[in-house]
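Chains as they are written, first to last, in my numbering: chain A, 7 to 405; chain B, -13 to 307.
Ideal Cβ positions, reconstructed from N, Cα and C, are used throughout, including at glycine.
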Amino acid sequence: MNQTKQSWKLWASACAVAGVLMVGGCKNQGGTTGNSATGTDAKGEITLGLFTSMTGGTASFGKSTDSGIKMAIAEANAKGGVLGRQIRVQLEDNGGKPDQAVTAVQKLISSDNVVAVLGDVASSNSLAAAPICQSAKVPMLSPSSTNPKVTQVGDYIFRTCFIDPFQGTVCARFAQQTLKAKTAAVFIDNKSDYSRGLAKYFIEEFSKTGKIVATDYYSAGDNDFRAQLTNIKPKNPDVLFIPGYYTEVGAIALQARELKMNQPLLGGDGWDSPKLTEIGKDAVQGAYFSTHYSSESTDPRVKKFVADFKKQNNGETPDALCAIAYDAANLMLSAIKKAGVADADEASRKKIRDALAATKDFPGVTGNITLDKDRNAIKPAVMVQVKGSDFKYVTTVKP
Amino acid sequence: MKARRSRSGFVSFPAFMQIFQQLVNGLALGSIYALIALGYTMVYGVLRLINFAHGDVYMLGAYAGLFASGWFGVNHVLESGGAPSFYSVVLVFLAAMIICALVGVLIERFAYRPLRSSPRLAALITAIGISMLLEFGGQAIFSPDPRQFPTLVPRMSVIDTATFDVSLVQVIIIGVAFFLMISLQLIVSKTKIGRAMRAVAQDRTAASLMGINTDAIISFTFALGSALAAAGGVLSSIYTPKIDPLIGLMVGLKAFVAAVLGGIGSIPGAVLGGLLMGFAETATVAGGKSEYRDAIAFAILIGVLLLRPAGLLGKNTAEKV
């Protein structure tokens, strides 16, 4: 009697598990249209891939990037698309993790048959995905990965933003010239290629005439920075440079102020998120960071972009990552137009790659984009200051 | 951090204060690990089971505190610029502790009790399964994005000098944690139900022969341990306000190591182990090797198992077959 009762329970639970797996699996399929060998489906759409972090500690980057790209694609589609075909973006979330970025890109290339790939923001994710795109000969355009190693992976990898040697120099000079800092402490995210790279270039430039009194490390995902801050505090740096991402930076700022460290805080474009002031609250007020654009610019292109974005997104102001993603999407579309073909085959993708490589003075919202021989954009950086929940424009630094 | 020695050979005052500061940091961190380690040790004591889901109960405590703050109007008070009253903060703690106590009892009732007579491995695997269920279920329900925990305790200092700073939050963490630990010790050693717990831990069959309702005592043990983990979760979230559904993973593992270090099954051992883990982690980070802050916990685990598997305060008892 006991045995039949046990086997009944066994079958029931096996069916339950199978059922849950099937439902769960079906849910994840959402968004993929049928496979085809030409990167289009029956309606003749052009499919672009987007991999970014919609969840996790850098989620606001992904959301901004996605909304910028969505707006660019919607505008293009409203005007009839490109080469007479509508454009569709297949979005894959990588949760902010490099290994998931690899899976996302592999899926986009082999299963979704995208023509080209847009992404990512975080350099660690781009660095993980770039070799895949390079070996599959799929053009990859990163809107805002600033670590120089990303485009060094190969000639199919591009970016629409400046690189960290420039950004580090901008921050160092700002610290020395505007903040009049003679000494600095640097607090680096050891897990992020972006953070380590930006720190290196900042230190190189700052050390030319100033002194780095302390360097300490944390890991993305850490919650408690008091031990390292306690080490930095007695060295009394004139400025604390934190080249990390907004989630940790906010917490670091809070804990630094708690420990009565009151020197100015300085950072890079990893700070650019509405969540920075949510997390850092009073502690980040008055802090400075470098980024790609300011929504306060009086340039008519920027004003139109900001106005259009606000209309489509419930009055939300587009941040720098939105704007640069918008530019990246438009740049990709113009390259496709220039190439004259948009299929997911090698010949087509090579033409698009060549068109991208020849980009000169592309009129972007974040400035005129020209790609140099290393496929990096030569663009000015903007310094902003945190005031309230906004970032107020301070100055522009040209390369 | 290098202690600067003055010419007379003594450690300079600022360096000494820095060490003291790190000790306070370590004590606050260690108190939280101790609270969670107590849950591991008590459950092991009564069931000989490592409840791997315990770290995730800590995470649920943090989220329960987050939601309780909403229910009791604390968020409302904070948004309008005020500070929450002492009573509402106590209510948030109690709510989180009660919710997690219930969760602990439910987990025991539906996941572990049916496996009481099965090989120990089955319950262990189930514990890991429950842990994953809570983690990924948490991601599905609460969203994997980090969330901000409200500032239940105002950010001010109790001791405020140029070289040494003890924040109110740290004092409260250490105070509340020790209050709870002493309360637990009193419950276990001085009350009837505590005596029943000790009896069940010593010999479950004999205890039931003595008329003790072992099922009820085991449920009570889970409830107590989970309530402590919840308190740890709320305290930790006040200390570092970013919470997400995976915070229980690392903290749970470290608290488990703390329980093993102190001697699994020993309540004073869990406290000692927790504090030592807090000091070790802070010392590792303060020594400039912050990338090893998690690794040190596992190095300690390996060390304990190789050198003194019973733990610091544990008894080396052979299992009678």
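Notebook entry, point to check: residue 15 of chain B CB to nearest chain A CB: under 8 Å?
Noted result: yes
Margin query: Let me see if you follow: with CB-CB separation under 8 Å, is residue 47 of chain A close to chain B or not?
Written below: At residue 47 of chain A the pLDDT is 48, less than 50, meaning the model places this residue with poor confidence; the figure from the coordinates comes in the next sentence. With 8 Å as the cut-off, residue 47 of chain A does not count as an interface residue toward chain B.
Next item on the list: Compare the C-beta of residue 131 of chain B with all C-beta atoms of chain A and state if any pair is closer than 8 Å.
Entry: yes
Check: For residue 356 of chain A, which residues of its own chain have a beta-carbon under 8 Å away from its beta-carbon, when the five flanking residues on both sides are left out?
Finding: 143
Note to self: Spatial neighbours of residue 73 of chain A within its chain, please: C-beta separation below 7 Å, excluding the five flanking residues on both sides.
What the structure shows: 319 and 328
Checklist line | Local conformation of residue 385 of chain A per DSSP, three classes | finding: coil
Checklist line | Separation of residue 119 of chain A from residue 42 of chain A, as counted between CA atoms | finding: With a pLDDT of only 41 at residue 42 of chain A, under 50, the local geometry of the prediction cannot be trusted, and no value is derived from it.
Next item on the list: On the DSSP bridge assignment, give the partners of residue 98 of chain A in chain order.
Entry: A:57
Item checked: Contact set between residue 272 of chain B and chain A, taken where Cβ atoms lie within less than 9 Å -> 233, 234, 236 and 237
Note to self: Going by DSSP, what residue range makes up the beta strand (DSSP E) through residue 340 of chain A?
What the structure shows: Where residue 340 of chain A is concerned, there is no enclosing beta strand (DSSP E), although the alpha helix (DSSP H) it sits in stretches over 326 to 345.
Check: Which of helix, strand or coil does DSSP assign to residue 103 of chain A?
Finding: coil
Margin query: Give me the chain B residues within the contact set of residue 265 of chain A, using Cβ-Cβ distance strictly less than 7 Å, ordered along the chain.
Written below: 151
Note to self: So, under 8 Å CB-CB, residue 332 of chain A and residue 371 of chain A are touching, yes? Tell me the CB distance rounded to an integer number of Å.
What the structure shows: 6 Å
Notebook entry, point to check: Since residue 228 of chain B meets chain A, which of its residues come closer than 9 Å, beta carbon to beta carbon?
Noted result: 63, 229, 253, 254, 256, 257 and 285
Next item on the list: Let me know the alpha helix (DSSP H) ranges lying completely inside the segment 49 to 110 of chain B, each 4 residues or longer, listed in chain order.
Entry: 60 to 65 and 72 to 93
Notebook entry, point to check: Would the segment 217 to 227 of chain B and the segment 157 to 169 of chain B be scored as touching if the rule is three or more Cβ pairs under 8 Å?
Noted result: yes
Item checked: Ranges of the beta strand (DSSP E) found wholly within the segment 109 to 171 of chain B, counting only runs of at least 3 -> 143 to 146 and 151 to 153
Next item on the list: Return the chain-ordered list of same chain residues with a C-beta closer than 8 Å to the C-beta of residue 224 of chain A, the five sequence neighbours on each side being excluded.
Entry: 193, 194, 195, 196, 231, 234, 250, 254 and 258
Check: How about residue 272 of chain A and residue 295 of chain A: are their beta carbons less than 8 Å apart?
Finding: yes
Notebook entry, point to check: Which residue spans inside the segment 221 to 285 of chain B form an unbroken alpha helix (DSSP H) run of at least 4?
Noted result: 233 to 248 and 253 to 272
Check: Mind pulling the chain A residues with CB within less than 7 Å of residue 11 of chain B?
Finding: 232, 233 and 236
Check: What does residue 276 of chain B touch in chain A if you count any residue whose Cβ is under 9 Å from its own?
Finding: 196, 222, 223, 224, 225, 228, 231, 233 and 234
Next item on the list: Flag residue 268 of chain B as yes if its beta-carbon sits less than 8 Å from any beta-carbon of chain A, otherwise no.
Entry: yes
Next item on the list: Grab me the residues of residue 230 of chain B's own chain with a C-beta within less than 6 Å of its C-beta, minus the 5 sequence neighbours each way, in chain order.
Entry: 132
Check: In terms of residues, what are the limits of the beta strand (DSSP E) holding residue 245 of chain A?
Finding: 245 to 247
Checklist line | Own chain residues within Cβ distance below 6 Å of residue 23 of chain B, not counting five before or after | finding: 241, 244, 245, 256, 259 and 260
Next item on the list: Mind listing the chain A neighbours of residue 4 of chain B? Cutoff is C-beta to C-beta under 7 Å, in chain order.
Entry: 236 and 240
Checklist line | Outcome for residue 90 of chain B when other beta-carbon atoms lying within 10 angstroms are tallied against a minimum of 16 | finding: buried
Next item on the list: Inspect the CB distances between the segment 269 to 284 of chain A and the segment 153 to 160 of chain A and report whether three or more fall short of 8 Å.
Entry: no
Next item on the list: Could you tell me whether the Cβ atoms of residue 2 of chain A and residue 163 of chain A are closer together than 8 Å?
Entry: What the structure shows of chain A is the stretch from 7 to 405, and residue 2 of chain A is not part of that stretch, so it cannot be assessed.
Notebook entry, point to check: Quick one: does residue 102 of chain B have its CB under 8 Å from some CB of chain A?
Noted result: no
Next item on the list: Determine contact between the segment 78 to 88 of chain B and the segment 47 to 57 of chain B, defined as no fewer than three beta-carbon pairs at a distance below 8 Å.
Entry: yes
Note to self: Residues in the same chain with beta-carbon distance under 6 Å from residue 401 of chain A, minus the five sequence neighbours each way, listed in chain order, please.
What the structure shows: 389
Notebook entry, point to check: Within 10 angstroms of its Cβ, does residue 204 of chain A collect 16 or more other Cβ (buried), or is it exposed?
Noted result: buried
Margin query: Tell me which residues of the segment 89 to 116 of chain B have at least one Cβ-Cβ distance to chain A shorter than 8 Å, keeping chain order.
Written below: none
Check: Per DSSP, what kind of secondary structure is residue 291 of chain A in: helix, strand or coil?
Finding: coil
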